[in-house]
Every structure is written in structure tokens, then in C-alpha cells.
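Engineer: For the sequence shown, position 3 matches number 19 in the numbering used here, and the numbering has no gaps at all.
Beta carbons: idealized from backbone N, C-alpha and C, even for Gly.
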Amino acid sequence: MLMNQDILSIKIGGAAGQGIKSAGLMFAKVASRSGFNTFDYTEYPSLIRGGHNSMQIVISKEEIATPIKNVDLLVALNRETLKKYLNCLEKDAGVIFDEATNTDSLEFKAGGNKFPIPLSKLAEEAGNKELFLNTVALGGLTALVNADLTILK
Numbered sequence: 017m018l019m020n021q022d023i024l025s026i027k028i029g030g031a032a033g034q035g036i037k038s039a040g041l042m043f044a045k046v047a048s049r050s051g052f053n054t055f056d057y058t059e060y061p062s063l064i065r066g067g068h069n070s071m072q073i074v075i076s077k078e079e080i081a082t083p084i085k086n087v088d089l090l091v092a093l094n095r096e097t098l099k100k101y102l103n104c105l106e107k108d109a110g111v112i113f114d115e116a117t118n119t120d121s122l123e124f125k126a127g128g129n130k131f132p133i134p135l136s137k138l139a140e141e142a143g144n145k146e147l148f149l150n151t152v153a154l155g156g157l158t159a160l161v162n163a164d165l166t167i168l169k
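1. Evaluate the contact criterion for the segment 116–125 versus the segment 48–68: three or more CB pairs, one atom per stretch, below 8 Å.
2. Any contact of the segment 131–140 with the segment 63–80, i.e. 3+ C-beta pairs under 8 Å?
3. On the three-state DSSP scale, how would you describe Val91?
4. Would the beta-carbon of Ile73 fall within 8 Å of that of Ala44?
5. Can you tell me where the beta strand (DSSP E) holding Ala139 begins and where it ends?
6. Could you check if Lys27 is buried or exposed, using at least 16 other CB atoms within 10 Å of its CB as the buried criterion?
7. I need the DSSP call for Asn150, collapsed to helix, strand or coil.
8. Considering only C-alpha positions, which residue in the set Ala32, Leu147, Ala39, Lys137 is nearest to Thr7?
9. Mind checking Ile167: buried by the 16 CB within 10 Å criterion, or exposed?
10. Please classify Met17: does DSSP put it in a helix, a strand, or coil?
11. Quickly, what does DSSP pair Leu105 with across the bridge? List them, please.
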């Protein structure tokens, strides 16, 4: 894992129904099975249907008892996630987003790292853009932090 620091905070966000929680739990499982401590929580609006959801996963070599405010890596499945959380990023944070997302008028932090990935294109090639978007984004995240996916076997 990419653990150049004592603690790594990752936020995955998107529209309700995009599999935010399942992607977050899968990544937390990879981190946990790799020997790290994890803390995760889900944020969702009190709506019957729809809205914006996010999940934050905090990874550390030490025990974690609470979430932390700022985010080191943001995985944005839609533009709303970028708009909502760009201000919560650490100055050198990374942002994974669909290269097809219109990022005009969005202010990325100076010194941050942008990782535009063809998420929707790859998800569509996998057979279902809506169903696989979170999985493709999770693949980008695991590659970025150099996680060992064989640990899930």
C-alpha cells in the first residue's frame, strides 16, 4: 500500500445507487487483510431515494478510533463529488475521477495530483457502465496505492 504517512484517508463519493459502500468496504477489506487498521463510515442524506453518498476509509498502522477531517485521496464517481469535497483535500492529495467529467470551474488544490481515468468508458467496455463504474474506480484506487488484490482470494 501507499503508506508514506502514518495515516491515509480515502473518500469515495457518487450518486446513491452507484455502489459507494460496496466499493469502500471492498477496499477496507484489502487494507485490513494487508495488515493495516481501518476505520470507515458512510455519509448519505435522509432521503427515501437518491442524493449523494460518500464513504470515508481511514487506514493506519496504528489503531484508529475516529474519522479525520481532511482527505488524502478522493475517488469521485460524479462531478458533484468533486464540487462537494475538493475543499476537504490535503494540499498534496490525489483525486481519481472520470476523464469525461467536466472539470471546468472546479478549483483543484495547487500541489495536488489529478488522476483522470476513463472510468465510464472502461465500465461500458466491461458490459455495464452503471453497474461497473465503482469497480473500475476501485481498480484505479488499488493500482494507485499499490494494493495487492490477490489478498482477496
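Structural biologist: By the coordinates alone:
1. Counting C-beta pairs with one atom in each stretch, the segment 116–125 and the segment 48–68 have fewer than three that are closer than 8 Å, which means they do not touch.
2. no
3. Within the sequence shown, the letter at position 75 stands for residue 91. In this structure, Val91 counts as strand in the three-state DSSP scheme.
4. For the purposes of this step, residue 73 is taken as the residue at position 57 of the sequence shown. For the purposes of this step, residue 44 is taken as the residue at position 28 of the sequence shown. It is a contact, given that the beta carbons lie within the stated cut-off.
5. Against the sequence shown, residue 139 aligns to sequence position 123. Segment 135–141 is the alpha helix (DSSP H) holding Ala139; no beta strand (DSSP E) there.
6. On the sequence shown, position 11 is the one that residue 27 refers to. Buried, since its Cβ has 16 or more Cβ neighbours within 10 Å.
7. For the purposes of this step, residue 150 is taken as the residue at position 134 of the sequence shown. Three-state result, Asn150: helix.
8. Examination of residue 7 is not possible in this model, given that the chain is present from 17 through 169 alone.
9. Position 151 of the sequence shown, counting from 1, holds the residue named residue 167. Exposed, since its Cβ has fewer than 16 Cβ neighbours within 10 Å.
10. Locating residue 17 in the sequence shown gives position 1, where the first residue counts as 1. Because the pLDDT at Met17 is just 45, under 50, the model does not fix this residue reliably, and the value given afterwards should be weighed accordingly. Note: Met17 maps to coil in three-state DSSP.
11. Locating residue 105 in the sequence shown gives position 89, counting from the first residue. Leu105 pairs with Val87.
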